[in-house]
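Peer 1:
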Amino acid sequence: MVVEPRADPIDKACGEGLMPGGLARLLALGVDPAGVPFHGIAYRAGRRSAHARFAAGPGRGVRRTTLQAALRERAASAGIEWSCGRVAGLRQDAHGVEAAGVRARWLVGADGLHSRVRREAGIASAAGTPARFGQRRHYAVAPWSDLVEVWWSAHAEAYVTPVAPDLVGVAILHRRAGLGYEALLEGFPELKARLGGAGPAGPVRGAGPLRRTVRARVRGRVLLVGDAAGYEDALTGEGVSLALDQAEAAVSALVSGDLAGYEAQWRRRTRTYRLLTRGLVLLTAARPVRGAVVPLCVAVPPLFRGAVNVLAG
């Protein structure tokens, strides 16, 4: 059973780019959401740009609402029950767990950065540093590239993802809490000019602080998966890939009854993401390093291409 408090369609602040590895995992589950293919990543700063194409096939830009609908349809076809409600009053014993008026053998919390399941289970967590935030808005304009563009400024990154033939999403990651989307977009004059007179196609959605440290992934019969289990940053675009990989490990742990093994699997499966993403966030916190990112990628194409394809899987 899935317990979800929000009504369809569910939208969230999200870059909406499925990397090739995450897309392949979805397709293997029978989930094939409509969207726009993209074939690599471009880093841009002013007139400088570096491009890296995926070696393992395209990713796909998919509206968050479209992905959610496809996941729900597939769950329904597999016989999964859907309940509208909140996970509250969590209690567990040696044989089961109770929450939201349901008693079951296990509870998997996959409810995001500010996980209620995590709090109800008594698993400690805290916002990490540096504090970064994300905001996303759609624009009614045809995609101008078959790549996801990442525009770098002194204080933020803007991710341009094609999500429909006449729609792009622009997600901005930054450290300036309280600063509005339009003010952030002013830091990317070339991108703003590229959007031209395209009008916003929907509201701004935000999330953060992005980094969340979590003490453990298991407490009794409760397991945490995805952002609820701990998160570094959206810089490398691996959210869906990571969540599906962790879900696979969680299912294996439940089938075998080895919940302690899930903690070890989580650490192993997320190690590359945690090390690489954390390193990039810390390095690019310094303004001189930020300014050198795109020139370095332009100067050493194999380095950029290799990094992109490691993250693509």
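One point on numbering: in full-length UniProt numbering, the residue at position 37 of the sequence shown is 37, and numbering is uninterrupted.
The beta-carbon is built from N, C-alpha and C at its ideal position, and this holds for glycine as well.
Just so you know, these numbers come straight off a predicted model, no measurement behind them.
(1) Taking the continuous alpha helix (DSSP H) assigned at Pro162, which residues delimit it?
(2) Would you kindly work out how many angstroms separate the C-alpha atoms of Gly61 and Val293, rounded to a whole number?
(3) Determine which residues share a DSSP beta bridge with Trp152 and list them.
(4) Going by CA-CA distance only, name the one from Val218, Ala264, Ala164 that's closest to Ala34.
(5) Quick one: any contact between the segment 186 to 201 and the segment 85 to 99, if contact means 3 or more CB pairs under 8 Å?
(6) Would you kindly report the start and end of the unbroken alpha helix (DSSP H) that includes Arg274?
(7) Just to confirm my understanding: we take Asp11, look at its own chain, exclude 5 residues before and 5 after, and list those with CB closer than 6 Å. What are they?
(8) Around the C-beta of Arg118, are 16 or more other C-beta atoms found within 10 angstroms, so that it is buried, or is it exposed?
(9) Output the boundary residues of the alpha helix (DSSP H) element that contains Val62.
(10) Can you tell me whether DSSP reads Ser115 as helix, strand or coil?
(11) Going by Cα to Cα distance, which pick from Val214, Arg219, Tyr181 is closest to Gly202?
(12) For Arg219, which option in Ala260, Leu185, Phe188, Leu191 has the closest C-alpha, if you only look at C-alpha atoms?
(13) What is the DSSP secondary structure of residue 316, counted as helix, strand or coil?
(14) Which residues in the same chain as Ser153 place their Cβ atom closer than 7 Å to its Cβ, once the five residues preceding and following it in sequence are excluded?
(15) Look at the alpha carbon of Gly237 and the alpha carbon of Gly17, and state the distance between them as a whole number of angstroms.
(16) Identify the continuous beta strand (DSSP E) that holds Ser83 and give its terminal residues.
(17) Among the candidates Met1, Ser145, Arg53, Gly40, whose CA atom is the shortest distance from the CA of Gly79?
(18) What does the Cβ neighbour count give for Thr277, buried or exposed, with the cut at 16 atoms within 10 Å?
(19) Are the CB atoms of Leu167 and His174 nearer to each other than 8 Å?
(20) What is the rounded straight-line gap between the Cα of Ala216 and the Cα of Val87?
(21) How long is the line joining the alpha carbons of Arg91 and Asn309, rounded to whole angstroms?
(22) CA-CA distance, Cys14 and Leu113?
(23) Using alpha carbons as the reference points, say which of Gly230, Arg287, Leu23, Ala286 lies closest to Glu263.
(24) May I have the straight-line CA-CA distance separating Ala171 from Leu303, to the nearest angstrom?
Peer 2: On the basis of the data shown:
(1) Note, Pro162: premise wrong, no alpha helix (DSSP H); beta strand (DSSP E) at 156 to 164.
(2) 24 Å
(3) Glu157
(4) Ala164
(5) no
(6) 259 to 283
(7) Arg64, Thr65
(8) buried
(9) First-last for Val62: undefined, no H or E at that position.
(10) coil
(11) Tyr181
(12) Ala260
(13) A question about residue 316 goes unanswered here, because the residues of the chain that appear run from 1 up to 313.
(14) Gly187, Phe188
(15) 7 Å
(16) 82 to 84
(17) Met1
(18) buried
(19) no
(20) 19 Å
(21) 43 Å
(22) 12 Å
(23) Gly230
(24) 25 Å
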